[in-house]
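Numbering-wise, UniProt numbering puts 57 at position 57 of the sequence shown, and it's gapless, one number per residue.
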Amino acid sequence: MDNATVPVLFHMDAELASNFEKACEELGLTAPEVFTIFATNVARERRIPFKIAVDPFYS
Numbered sequence: 001m002d003n004a005t006v007p008v009l010f011h012m013d014a015e016l017a018s019n020f021e022k023a024c025e026e027l028g029l030t031a032p033e034v035f036t037i038f039a040t041n042v043a044r045e046r047r048i049p050f051k052i053a054v055d056p057f058y059s
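This is the structure we're talking about:
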């Protein structure tokens, strides 16, 4: 398997991106490292590694 990297581009709210980057720095990681960890877990486990739910208040 080729280990070449590819760019992945998506958009998010500027404040969210800033807060996310700060949190990553506090963990000693970069944002790309965190997204790579997330993608690796999803690909390996075939699931989102945290609970996603709808708030009953809004449904």
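The beta carbon of each residue, even a glycine, is placed where N, CA and C say it ideally should be.
Just so we're clear, the structure is a prediction, and the values are computed from it rather than from any experiment.
- Secondary structure of residue 38 (DSSP, three-state): helix.
- Residue 48 places its beta carbon less than 8 Å from that of residue 42.
- The C-alpha of residue 11 lies about 23 Å from the C-alpha of residue 28.
- Residue 5 and residue 31 have their C-alpha atoms roughly 16 Å apart.
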